[in-house]
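Asker: Residue numbers (full-length UniProt numbering), protein chains in the order written: chain A, 1 to 428; chain B, 1 to 428.
Every residue, glycine too, gets a C-beta built ideally from N, C-alpha and C.
Owing to the predicted nature of the structure, the values given are computational and were not obtained by experimental measurement.
Dropping the structure in here first, questions after.
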């Protein structure tokens with residue numbers, strides 16, 4: 001039997017303690033599966049005195065994660081601290097410089113510095129693994145990098161921020177406005193210290209950029225992700241979308257076309273009876289579309305101690321078993337610099353607006369759409385509330401630019417009350 | 001760059017030609033992902049003259065798959081012929097004896113001879129990979145063996161025969177009886193030459209036994225799978241189950257308890273709003289439950305040229321990348337001989353029966369159930385058709401043995417018309 005694989009664990013929050021628990025509880029199981037033991041040698045966290053409800057007495061303690069990363073008695077540096085800069089970055093760089101493999105749950109670090117880190121690892125023949133960085137317990141990095149490696153990928157989609165999906169689901173089920181549910185989520189501890197990481201789509205955008213790099217063989221380019229959060233989603237739109245057979249999700253979509261690489265993390269309508277439309281609460285879902293396999297859907301918990309630690313341990317066990325491959329599935333030096341698509345793939349759009357109760361109002365809107373080359377698939381006009389008529393339109397496929405152009409011209413019709421809402425309908 | 005990985009491809013049916021197409025179409029992509037080329041050197045099939053709509057001119061031809069398996073110019077023997085005995089078995093054994101890794105789509109072969117083949121491979125340091133043998137394009141072997149390797153597995157479930165799910169879905173949507181839809185499926189070419197492999201649950205049972213071996217670290221024991229096909233499912237039961245909020249699926253369940261290893265491939269009711277309940281048509285779904293991760297659901301095409309070839313190629317690419325692990329996730333010699341559970345985990349049951357329209361009939365049934373220790377969760381009595389009353393009962397949790405015992409005693413009540421139906425409700 002081979003020597004034990006020795007871990008240095010940086011970060012003893014929820015995920016770090018989850019890793020400790022699995023390593024301790026499943027020592028025999030992991031040894032059987034790896035044909036060698038996996039042990040924790042040393043740990044680090046800011047505060048040694050904090051009660052963590054786990055027995056850490058057998059592990060050496062480092063206050064500085066950089067010192068942990070450099071220890072001679074670790075083989076793998078496990079980084080579950082978080083943060084794209086500062087100690088997480090310094091310690092990860094130090095680990096690679098000291099010849100250690102890295103397992104990380106840090107999506108922000110890789111979204112911002114993935115290419116440089118992958119090149120540093122490659123130069124030394126080291127591995128960086130990050131299953132826990134995307135969609136929690138769902139083994140999606142493995143499914144995409146290895147399980148679908150025989151496919152040219154067509155599109156990758158995902159609901160990858162459980163907090164946003166919780167908020168949108170709760171708004172619909174309880175009929176509550178965004179601000180109320182946001183406050184509930186804050187009090188339940190579902191939100192990051194900076195809530196914009198969640199509701200602004202940034203966290204989910206980080207994840208999407210990592211999936212896109214693997215799927216399309218390109219350098220991570222988080223800066224090119226089109227980001228739009230859920231803060232502007234109204235209960236009205238959730239209800240009207242439901243009337244039309246749709247649900248609103250914060251949906252990540254990455255696809256490669258003749259126009260270049262598209263990466264979007266924006267609110268979208270999806271059919272209520274699709275797997276994405278049926279996804280309720282904090283659960284995550286990733287949809288992988290390949291030219292040979294068709295569509296694969298993966299669903300599971302996107303956060304929490306057990307699921308995230310499960311993903312960390314999958315990477316650790318791969319390394320213990322000697323399963324190693326390049327960070328993003330092929331040599332970092334071969335990853336292409338992606339050309340960002342300037343125009344998104346056309347899609348149907350959901351439009352909601354309120355019209356003055358005047359003869360010909362609707363005709364003016366329809367004409368404006370037609371003049372912009374946008375045809376109408378379905379339209380629904382509701383009973384007049386206070387003299388004004390709410391109107392819903394589902395268009396045929398159009399580009400976002402065409403939709404924006406048409407909406408810009410609605411004002412000139414003089415029949416609109418307030419601002420119209422336009423949300424992309426992603427065809428799933 | 002390393003030398004090419006050379007494949008010998010045995011079987012040029014739908015899946016084999018799918019593999020040829022991927023290797024040819026994605027040569028550059030696969031080379032980038034593996035850092036080496038993957039090539040087909042030689043192929044074999046029964047009939048060389050058959051038109052296969054693929055260019056095979058560059059490949060050496062062997063009529064005998066055993067000869068193919070022994071060729072010096074192949075590294076990996078890819079077996080997509082099928083059949084648990086005969087040429088597939090002989091050729092796979094020959095490949096291992098000749099020092100070749102094996103990639104196979106053959107669930108029957110592994111369900112019957114998995115332990116012996118795994119031991120033969122282990123003795124020579126070779127790999128047997130079989131992603132394509134279970135759930136077609138869904139990378140479930142990888143998800144279970146590697147992605148969830150940090151988990152003690154609690155339960156594995158799956159709808160893994162698309163033909164059965166097509167038949168059950170179509171019966172419900174079209175309101176047609178089993179025999180009619182079975183005949184439709186036959187004419188559409190959805191059924192195996194021996195339809196009992198599909199509708200008898202054998203094919204899906206093979207798959208379940210492979211998942212169970214990996215999940216619980218036990219030797220494959222297909223003979224211990226409780227098998228029941230879908231031939232006895234009536235349109236009445238599909239309708240009544242729907243009334244109660246359930247759908248009927250041919251569901252595989254493997255779980256390890258204090259009673260031992262349970263493996264069942266039987267019709268079950270599942271909640272209509274669960275992912276399993278929502279699965280329509282020929283699509284497959286596997287549910288993996290681990291003690292750290294909770295529940296992971298994987299959904300995708302379970303058959304067909306592209307999906308199955310995608311899975312074969314995932315295994316091939318793993319080997320080209322040097323990713324190797326034991327056949328069932330740990331040393332074959334360490335796999336335990338499972339103790340088959342004699343009694344299945346208790347579950348709620350759906351009961352349907354027709355009672356004579358006599359005072360006290362229902363009371364007699366309820367009393368009989370109570371005497372057998374079975375309590376009633378819900379009951380529904382329908383309008384009397386021709387004087388007799390159809391009754392549906394959902395019980396609280398009971399063992400299958402208790403249910404069978406109670407049903408045996410129904411006859412003595414003298415109030416029953418025909419035989420009652422009992423179907424397990426799997427809690428998902």
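For chain A, check one thing: does any of its Cβ atoms lie closer than 9 angstroms to the Cβ of residue 105/B?
Answerer: At a cut-off of 9 angstroms between beta carbons, residue 105/B makes no contact with chain A.
Asker: Mind checking whether residue 315/B and residue 119/B have CB atoms under 9 angstroms apart?
Answerer: no
Asker: For residue 281/A, I'd like the list of residues in its chain whose CB is within less than 7 angstroms of its CB, leaving aside the five on either flank, ordered along the chain.
Answerer: 165, 166 and 169
Asker: For the beta strand (DSSP E) holding residue 160/B, just list the boundary residues, first then last.
Answerer: Residue 160/B -> no beta strand (DSSP E), and no H or E assigned at all.
Asker: For residue 396/A, count neighbouring Cβ atoms within 10 angstroms of its own Cβ and tell me buried if that reaches 16, exposed if not.
Answerer: exposed
Asker: Measuring only between beta-carbons, confirm whether residue 161/A sits less than 9 angstroms from chain B.
Answerer: no
Asker: Could you check where the alpha helix (DSSP H) with residue 183/A kicks off and where it finishes?
Answerer: 178-187
Asker: How would you call residue 356/A, buried or exposed, if buried means at least 16 neighbouring beta carbons within 10 angstroms?
Answerer: exposed
Asker: Identify every residue that forms a DSSP beta bridge with residue 268/B.
Answerer: 249/B
Asker: Assuming residue 239/B is part of the alpha helix (DSSP H), what are its boundary residues?
Answerer: Where residue 239/B is concerned, the enclosing alpha helix (DSSP H) stretches over 235-243.
Asker: Look up residue 196/A in the DSSP assignment and say whether it is helix, strand or coil.
Answerer: helix
Asker: Out of 345/B, 276/B and 26/B, which one is the CA nearest neighbour of residue 309/B?
Answerer: 26/B
Asker: Please tell me whether residue 281/B has its Cβ less than 9 angstroms away from any Cβ of chain A.
Answerer: no
Asker: Answer with buried or exposed for residue 343/A, where buried requires no fewer than 16 other C-beta atoms within 10 angstroms of its C-beta.
Answerer: exposed
Asker: Can you pull the chain B neighbours of residue 301/A, defined as C-beta to C-beta under 9 angstroms?
Answerer: 293, 294, 295 and 296
Asker: Locate the alpha helix (DSSP H) running through residue 95/A, then write down its first and last residues.
Answerer: Note, residue 95/A: alpha helix (DSSP H), 87-97.
Asker: Is it right to say residue 145/B is buried, meaning 16 or more other beta carbons lie within 10 angstroms of its own, or is it exposed?
Answerer: buried
Asker: Return yes when at least one heavy atom of the ligand NAD lies under 8 angstroms from the C-beta of residue 187/B, else no.
Answerer: With respect to the ligand NAD, the structure shown offers nothing to examine, as it has no ligands at all.
Asker: Just to confirm, are residue 5/A and residue 39/A a CB contact at a threshold of 9 angstroms?
Answerer: Result yes, Cβ atoms of residue 5/A and residue 39/A sit closer than 9 angstroms.
Asker: Taking the alpha-carbon of residue 253/A as reference, which of 124/A, 259/A and 266/A has the nearest alpha-carbon?
Answerer: Ranked by Cα distance from residue 253/A, the first of 124/A, 259/A and 266/A is 266/A.
Asker: Whole-angstrom Cβ separation of residue 389/A and residue 354/A, contact assumed at under 8 angstroms?
Answerer: Correct: roughly 7 angstroms between the Cβ atoms.
Asker: Give me the Cα-Cα distance between residue 234/A and residue 225/A, rounded to the nearest whole angstrom.
Answerer: Between residue 234/A and residue 225/A, the C-alpha separation is close to 24 angstroms.
Asker: Where do the ends of the beta strand (DSSP E) carrying residue 356/A lie?
Answerer: Neither: residue 356/A is in no beta strand (DSSP E) and is coded neither H nor E.
Asker: Three or more C-beta pairs under 8 angstroms: does that hold for the stretch 327-339 of chain B against the stretch 167-186 of chain B?
Answerer: no
Asker: Exposed or buried, residue 209/B, counting other C-beta atoms within 10 Å across all chains shown (16 or more means buried)?
Answerer: buried
Asker: Please list the partners that residue 142/A has in chain B, where partner means a Cβ-to-Cβ separation under 9 angstroms.
Answerer: 139, 142, 143, 146 and 147
Asker: Can you look up residue 139/B in the DSSP assignment and give me helix, strand or coil?
Answerer: coil
Asker: Going residue by residue through the UniProt domain "ACT" (350-428) of chain A, where are the continuous alpha helix (DSSP H) segments of at least 4 residues, counting only ones entirely within it?
Answerer: 361-371 and 400-410
Asker: DSSP on residue 40/B, reduced to helix/strand/coil?
Answerer: Three-state DSSP puts residue 40/B in a strand.
Asker: Taking Cβ-Cβ distances shorter than 7 angstroms, what residues in chain B pair up with residue 318/A?
Answerer: Result: 146.
Asker: At a cut of 8 angstroms, does the stretch 241-258 of chain B reach the stretch 174-188 of chain B through at least three beta carbon pairs?
Answerer: no
Asker: How long is the line joining the alpha carbons of residue 241/B and residue 269/B, rounded to whole angstroms?
Answerer: 7 angstroms
Asker: What residues in its chain sit with their C-beta under 7 angstroms from that of residue 440/A, if we drop five residues either side in the sequence?
Answerer: Coverage of chain A is limited to positions 1 through 428, which leaves residue 440/A absent and any answer about it impossible.
Asker: Quick check on residue 9/B: does DSSP put it in helix, strand or coil?
Answerer: Strand.
Asker: Go ahead and pull the three-state DSSP assignment for residue 293/A.
Answerer: coil
Asker: Just to confirm my understanding: we take residue 430/A, look at its own chain, exclude 5 residues before and 5 after, and list those with CB closer than 7 angstroms. What are they?
Answerer: The structure shown has nothing for residue 430/A, since chain A only spans 1 to 428.
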